[in-house]
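Structure first, commentary second.
Protein chains in written order, with this note's numbering: chain A, 5 to 115; chain B, 10 to 127.
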């Protein structure tokens with residue numbers, strides 16, 4: 005049972021815009037910045053979005069992130085076949101003595 | 010550019026101690042980065058195990074803290090993870106990663122599968 009809640013799956017056709025949600029609480033998303041990772045099975049996860057809406061160098065601007073209250077979202081516009089991957093949200097949780105928490109991951113299928 | 014590579018036994022028995030090493034190349038481990046371990050059990054999400062600074066300062070996941078030890082070997086430019094008293098629940102792909110800022114893990118290893126089975 006992951007601390008952050010993501011839909012297990014999402015899908016879209018090439019060119020479409022899809023969004024993936026990440027829901028948390030006041031002790032995690034409500035208090036701290038959210039990161040998003042893209043993960044193709046068998047490969048190293050890749051930091052896609054950090055600090056809610058910042059893209060590391062090399063990440064296309066088709067990927068965008070946002071946060072409101074205790075929820076965050078990842079949006080992918082102009083969907084491409086190579087975007088098919090697992091997407092994970094993550095943030096710091098201030099409960100206990102503090103820990104990094106993740107969502108369960110969302111499998112994105114490009115139809 | 011920084012590259013990370015995990016190594017260690019892939020099969021353990023219950024009650025064994027898991028020991029993994031992450032070799033860092035292209036970057037000095039004594040830079041201002043946090044060096045971390047994460048894992049992903051089969052069919053589940055990612056789980057943060059903890060991280061360590063080059064000076065030995067650590068931060069562990071409270072749920073694993075009693076069983077986890079991390080260390081840094083600056084002479085070999087690598088860092089390590091030990092997880093004691095493993096059970097089948099510790100079966101997972103284990104990743105090492107580095108965060109240049111806060112908890113932003115911006116570089117990861119390929120991961121190594123560790124299976125715990127009798």
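Every residue gets a Cβ at the ideal spot worked out from N, C-alpha and C, and that includes glycine. These figures come from a predicted structure and were not determined experimentally.
query: Could you give the distance in angstroms between the alpha-carbon of residue 25 (chain A) and the alpha-carbon of residue 48 (chain B)?
result: Numbered from 1 along the first chain, position 21 holds the residue referred to as residue 25 (chain A). Numbered from 1 along the second chain, position 39 holds the residue referred to as residue 48 (chain B). One C-alpha to the other measures close to 22 Å.
- prompt: Hey, out of A:102, A:91, A:105, A:99, whose CA is closest to residue 111 (chain A)'s CA?
  reply: Taking the first residue of the first chain as 1, we reach residue 111 (chain A) at position 107. Comparing Cα positions, the closest option is A:91.
- request: Tell me whether the beta-carbon of residue 26 (chain B) lies closer than 8 Å to the beta-carbon of residue 109 (chain B).
  value: Position 17 of the second chain holds residue 26 (chain B). Position 100 of the second chain holds residue 109 (chain B). Contact flag unset, no.
message: So, does the segment 58 to 78 of chain A touch the segment 15 to 31 of chain B, judging by three or more C-beta pairs under 8 Å?
response: no
message: Given a cut-off of 8 Å on the beta-carbon distance, is the pair residue 29 (chain A) and residue 95 (chain A) in contact?
response: Along the first chain, read from residue 1 onward, the residue named residue 29 (chain A) stands at position 25. Along the first chain, read from residue 1 onward, the residue named residue 95 (chain A) stands at position 91. Their beta carbons are not under 8 Å apart, which means residue 29 (chain A) does not touch residue 95 (chain A) by this criterion.
query: From residue 67 (chain A) to residue 116 (chain B), what does the alpha carbon distance come to, in whole angstroms?
result: As a working mapping, residue 67 (chain A) is identified with position 63 in the first chain. As a working mapping, residue 116 (chain B) is identified with position 107 in the second chain. Answer to the nearest angstrom: the Cα atoms are 18 Å apart.
C-alpha gap between residue 56 (chain B) and residue 106 (chain A), whole angstroms: Locating residue 56 (chain B) in the second chain gives position 47, counting from the first residue. Locating residue 106 (chain A) in the first chain gives position 102, counting from the first residue. The straight-line gap from Cα to Cα measures roughly 7 Å.
message: Is there a C-beta anywhere in chain A that falls below 8 Å from the one on residue 118 (chain B)?
response: As a first step, residue 118 (chain B) is located in the second chain; it is residue number 109 there, counting from the start. Yes, contact with chain A.
- prompt: For chain B, is any of its Cβ atoms less than 8 Å away from the one on residue 76 (chain A)?
  reply: By 1-based counting over the first chain, the position of residue 76 (chain A) is 72. With 8 Å as the cut-off, residue 76 (chain A) does not count as an interface residue toward chain B.
- prompt: What whole-angstrom Cβ distance do residue 43 (chain B) and residue 62 (chain B) have, given they're in contact under 8 Å?
  reply: Translated into the one-based positions of the second chain, residue 43 (chain B) becomes position 34. Translated into the one-based positions of the second chain, residue 62 (chain B) becomes position 53. Rounded, the Cβ-Cβ distance is 6 Å, consistent with contact.
- request: May I have a chain-ordered list of the beta strand (DSSP E) segments no shorter than 3 residues that lie completely inside the segment 39 to 105 of chain A?
  value: 50 to 53, 67 to 72, 75 to 80, 89 to 97
message: For residue 107 (chain B) and residue 13 (chain B), which I take to be in contact (beta-carbon distance under 8 Å), what is that distance rounded to the nearest angstrom?
response: Here residue 107 (chain B) refers to the residue found at position 98 of the second chain. Here residue 13 (chain B) refers to the residue found at position 4 of the second chain. Between residue 13 (chain B) and residue 107 (chain B) the Cβ distance is about 7 Å, and since that is below 8 Å, they are a contact.
Length of the line joining the Cα atoms of residue 45 (chain B) and residue 58 (chain B): By one-based count along the second chain, residue 45 (chain B) stands at place 36. By one-based count along the second chain, residue 58 (chain B) stands at place 49. The straight-line gap from Cα to Cα measures roughly 8 Å.
- request: State the DSSP-derived secondary structure class of residue 21 (chain A), mapped to helix, strand or coil.
  value: Locating residue 21 (chain A) in the first chain gives position 17, where the first residue counts as 1. Coil, per DSSP.
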